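One structure is given below, encoded as structure tokens.
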């Protein structure tokens with residue numbers, strides 16, 4: 024199957040999406056020439072890119088947060104499919120930050136960048152997940168040809184034994200495709216740690232914490248986009 028045939032199958036009518044612009048950072052038009060490599064190298068760079076640029080969608084992540092893991096995954100899936108066009112990469116593999124993907128949403132991105140975007144949202148929400156690459160039985164079966172995100176239901180252990188949700192922005196349904204082989208890369212942020220051995224600073228002293236007015240931007244955005252998702 025050619026690149027043009029894949030694009031013809033997976034192209035969809037996307038929504039305007041401009042109501043989300045203020046929730047996503049603008050890209051800085053930086054381009055980095057990475058080394059040549061196979062799909063395992065691609066996935067390793069995807070992991071680095073997600074952990075480097077996840078804050079670009081920190082505000083958007085709060086809009087896509089659901090009441091449950093499944094609802095969150097459904098909202099991310101819906102957003103990726105209906106707001107960002109698909110476009111297969113050629114020989115050169117594009118590893119996009121979420122800001123770059125959003126900037127190019129009308130031209131399209133491929134499965135790698137959909138997965139990076141989903142991973143960035145999940146990292147902001149503190150949700151453990153995996154980037155999964157697969158071999159497909161009916162498409163170049165000897166090669167790893169597709170990548171997407173899987174999210175374990177058991178967030179305590181992060182293991183997939185208790186079931187998981189799938190986020191695949193290339194297709195409308197978030198059902199997992201058939202595969203003959205898979206490789207997973209676990210994704211979770213390592214939290215910073217600070218060792219303390221001092222009293223709480225007194226009120227008025229330098230360094231004392233002050234109450235700050237909480238921003239209502241995300242709350243207002245949440246109300247404005249509440250009717251955007253069918254669940």
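Numbering (the working numbering), first residue to last: 24 to 254.
No residue lacks a Cβ here, since even glycine has one placed at the ideal position from N, Cα and C.
Computed from a predicted model, the values in this text were never measured in an experiment.
| query | result |
| --- | --- |
| Bridge partners of residue 172, per DSSP? | 154, 190 |
| Of the residues 137, 171, 179, which one's Cα is nearest the Cα of residue 198? | 171 |
| For the beta strand (DSSP E) containing residue 209, name the first residue and the last one. | 204–210 |
| Let's test the definition: count the other Cβ atoms within 10 Å of the Cβ of residue 63 and tell me whether it reaches 16, buried, or not, exposed. | exposed |
| Buried or exposed: where does residue 233 fall if 16 or more other Cβ atoms within 10 Å of its Cβ makes it buried? | Confidence is the limiting factor: at residue 233 the pLDDT is only 48, short of 50, which leaves the residue's position unreliable, though a coordinate-based value still follows. Per the 10 Å Cβ criterion, exposed. |
| Applying the criterion that 16 or more other CB atoms from any shown protein chain within 10 Å of the CB defines a buried residue, is residue 71 buried or exposed? | exposed |
| Please determine if the segment 79–99 and the segment 133–153 are in contact, where contact requires at least 3 C-beta pairs separated by less than 8 angstroms. | yes |
| Starting from residue 95, follow the alpha helix (DSSP H) in both directions and report where the run begins and ends. | 92–106 |
| If we require 4 or more residues per run, which alpha helix (DSSP H) segments fall completely within the segment 109–140? | 121–126 |
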